[in-house]
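Each remark here refers to the structure printed beneath this line.
Numbering (this note's numbering), first residue to last: 10 to 450.
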């Protein structure tokens with residue numbers, strides 16, 4: 010790891026950390042059931058057989074967690090609002106208390122309004138395959154904005170609709186566990202439509218600082234051979250362009266729009282492309298992609314079925330995290346400059362809404378090296394002229410890592426899942442010191 014100081018970012022740059030409701034809150038008895046409650050109740054869905062009924066018990070321990078944020082020195086805290094909790098009597102009271110606690114600590118609240126935990130009642134009515142869910146989402150967003158909008162100024166509509174579509178609806182490895190392959194595309198369209206309707210609802214409530222958190226990464230062809238190049242281009246379309254271009258350009262990539270549901274996709278795209286004030290990117294790693302090989306491939310905890318028109322391959326000669334994900338900081342620079350070049354003035358200011366890694370241990374020097382490398386890579390993108398306004402580490406706390414259960418630790422703070430004791434890791438101290446240095450303290 011480099012020991013020279015990280016260069017200074019522009020004045021006003023927003024430093025933060027991220028979490029999500031289902032992964033940390035617990036208190037499942039004080040909200041409606043979600044798709045993830047139903048999913049984790051099915052045998053074999055979660056690798057360690059666990060669930061998030063208690064998780065980190067953030068619902069009860071939030072003052073302790075906000076104190077950790079204050080000591081860390083972040084400008085902002087990205088959390089998610091649980092739609093199932095809001096649907097329960099008094100559910101918004103928790104977020105009232107959390108936002109007030111954050112204000113008292115001098116930390117800006119940045120809520121994400123959907124982070125995969127759809128109310129089970131809506132899933133039973135069709136979920137994101139049903140257009141009506143987008144309308145219900147906008148109604149819920151209006152309720153949250155009415156309650157919290159006097160103190161919350163920065164909003165995120167959706168988190169990673171690409172993963173929720175691919176893992177939850179196409180491959181079935183996440184909730185709601187559907188294995189629809191390309192018939193999952195309506196879930197993508199309806200999430201994006203929900204995003205646009207949510208932007209309108211937030212604007213109607215007076216919000217003026219709205220973004221989305223889309224996951225993106227460079228796609229590398231496994232070779233220069235035409236089958237590999239074509240497979241990589243198709244993968245890039247599905248995981249990057251399909252979710253960026255409707256928001257930024259108001260259009261689907263060629264050949265995709267006619268696959269989407271509804272009588273007037275062009276009219277939907279006008280809603281989906283409601284202007285955002287900034288564009289959030291969750292970045293973890295590039296993906297190396299080649300032509301299909303006729304067999305299922307296990308990669309990063311996910312089975313890539315043989316019938317897909319691509320296969321994901323290992324990136325050789327780079328370190329990997331405990332999750333097996335490649336560590337390629339330069340990929341962040343490449344991604345951001347490519348977005349700038351591809352979308353030009355249609356790309357608003359960018360915020361990195363997630364970046365992080367899974368490693369064991371409290372003296373987590375590998376995480377320190379990972380974050381150091383990625384922050385430097387981000388600075389190189391800024392030097393190259395990309396308008397980046399903020400960076401959020403995933404995650405504040407070790408948490409329930411979806412289908413992996415509690416086997417993966419992404420936190421700056423270690424959580425003992427028996428006692429729920431919080432212990433700041435070496436990476437927490439590194440990030441605290443970085444923020445102090447950035448402020449000249």
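The beta-carbon is built from N, C-alpha and C at its ideal position, and this holds for glycine as well.
Quantities reported herein were computed from a predicted structural model and do not represent experimental measurements.
Residue i (DSSP reduced to helix, strand or coil)
i           : result
residue 163 : coil
residue 13  : coil
residue 88  : strand
residue 391 : helix
residue 433 : strand
residue 64  : coil
residue 122 : strand
residue 136 : helix
residue 401 : strand
residue 423 : strand
residue 230 : strand
Endpoints, the beta strand (DSSP E) within which residue i is located
i           : result
residue 34  : Unbroken run through residue 34: none, as it is neither H nor E.
residue 56  : That residue, residue 56, is in no beta strand (DSSP E); it is neither H nor E in DSSP.
residue 280 : Premise fails: residue 280 lies in the alpha helix (DSSP H), 274-281, not in any beta strand (DSSP E).
residue 449 : Counting along the chain, residue 449 falls outside any beta strand (DSSP E), and DSSP gives it neither H nor E.
residue 29  : Residue 29 -> no beta strand (DSSP E), and no H or E assigned at all.
residue 371 : Per DSSP, residue 371 belongs to no beta strand (DSSP E) and is neither H nor E.
residue 321 : 320-322
residue 220 : 219-224
residue 359 : 359-363
N-terminal and C-terminal residue of the alpha helix (DSSP H) that residue i is part of
i           : result
residue 142 : 141-157
residue 67  : 67-81
residue 174 : 170-174
residue 339 : 339-352
residue 45  : 44-49
residue 243 : 235-245
residue 208 : 194-213
residue 288 : Per DSSP, residue 288 belongs to no alpha helix (DSSP H); it is in the beta strand (DSSP E), 288-291.
residue 418 : Unbroken run through residue 418: none, as it is neither H nor E.
Alpha carbon of residue i to alpha carbon of residue j, nearest angstrom
i           : j           : result
residue 81  : residue 145 : 37 Å
residue 301 : residue 225 : 22 Å
residue 316 : residue 303 : 7 Å
residue 109 : residue 103 : 10 Å
residue 168 : residue 305 : 28 Å
residue 34  : residue 237 : 43 Å
residue 105 : residue 239 : 49 Å
residue 386 : residue 130 : 43 Å
residue 215 : residue 318 : 45 Å
residue 410 : residue 416 : 7 Å
residue 10  : residue 181 : Here residue 10 scores only 49 on pLDDT, less than 50, and its place in the model should not be relied on; the value that follows carries that caveat. Going by the C-alpha atoms only, they are around 38 Å apart.
residue 330 : residue 336 : 7 Å
residue 136 : residue 320 : 29 Å
residue 244 : residue 99  : 43 Å
residue 274 : residue 175 : 21 Å
residue 270 : residue 133 : 19 Å
residue 122 : residue 264 : 30 Å
residue 192 : residue 361 : 30 Å
residue 344 : residue 393 : 12 Å
residue 268 : residue 201 : 15 Å
residue 404 : residue 366 : 9 Å
Assumed close pair residue i, residue j - CB separation to whole angstroms, cut-off 8 Å
i           : j           : result
residue 199 : residue 140 : 6 Å
residue 128 : residue 446 : The Cβ separation is near 43 Å, so there is no contact.
residue 281 : residue 298 : Not a contact, Cβ separation roughly 26 Å.
residue 484 : residue 150 : Limits of the chain in this structure are 10 at one end and 450 at the other, which puts residue 484 out of reach.
residue 287 : residue 380 : Going by Cβ atoms, the distance from residue 287 to residue 380 rounds to 22 Å, so no, they are not a contact pair.
Residue i and residue j closer than 8 Å at C-beta
i           : j           : result
residue 260 : residue 278 : yes
residue 95  : residue 153 : yes
residue 229 : residue 294 : no
residue 397 : residue 359 : yes
residue 87  : residue 25  : yes
residue 424 : residue 406 : yes
residue 342 : residue 390 : yes
residue 252 : residue 170 : yes
residue 258 : residue 349 : no
Any C-beta of chain C under 8 Å from that of residue i
i           : result
residue 325 : Within the model displayed, chain C is absent; a lone protein chain is all it includes.
Heavy atom of the ligand FMN within 7 Å of residue i beta-carbon
i           : result
residue 396 : Here there are no bound small molecules, and the ligand FMN is not part of this structure.
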